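Input: a single structure, listed below in structure tokens.
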Amino acid sequence: MPEPWEYSLYIPTDPRAVTVSRRTLRLILTLHDLAHLADTAELLASELVSNAVLHTKGPACLRLRHRDGVLQIGAWDADPEPPEPPPGKFEELADAETGRGFALVRACADVWGWHPLSRLGHRGKLVWCELPAA
Numbered sequence: 001m002p003e004p005w006e007y008s009l010y011i012p013t014d015p016r017a018v019t020v021s022r023r024t025l026r027l028i029l030t031l032h033d034l035a036h037l038a039d040t041a042e043l044l045a046s047e048l049v050s051n052a053v054l055h056t057k058g059p060a061c062l063r064l065r066h067r068d069g070v071l072q073i074g075a076w077d078a079d080p081e082p083p084e085p086p087p088g089k090f091e092e093l094a095d096a097e098t099g100r101g102f103a104l105v106r107a108c109a110d111v112w113g114w115h116p117l118s119r120l121g122h123r124g125k126l127v128w129c130e131l132p133a134a
């Protein structure tokens, strides 16, 4: 089994952070021979980072962790409030203009969740999801 690894990318409150995060994630996965996860992982990271950047104020961070055959994708932001749970099924949100992000995460990831977390002296939360790396 490969050695565990973890990367953190601190990102500003800037809409371009989503693109930077996706491209960084793809590069990391490619270098760790996990390119087969890149498309789904990019979608999940985009949703998590978008929420962190667009709906909170202050710093944010994309965290990628691989261990025990599982890729965990997380986004930390400085807002300690829990994320809104995904409403209903994804199919019910097809025409909605908002609220699809976590429904996508729920549909594409094996599991997702959140927990309070402090980073760099800021209180906040980490919203995460997992994909099997095999």
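Residue 1 is where the sequence shown starts when you use our numbering, and the numbers rise one by one after that. C-beta: ideal position from N, C-alpha, C; glycine also. It should be emphasised that the depicted structure is a prediction, and the values quoted were computed from it without experimental measurement.
Asked: Complete runs of the beta strand (DSSP E) confined to the segment 10 to 95 [at least 3 residues]; Found: 60 to 67 and 70 to 77
Asked: Rounded separation between Ser21 and Pro82 - CA only; Found: 22 Å
Asked: Cβ pair Asp14, Ala52 closer than 7 Å; Found: no
Asked: Exposed unless 16 or more other CB atoms sit within 10 angstroms - verdict on His115; Found: exposed
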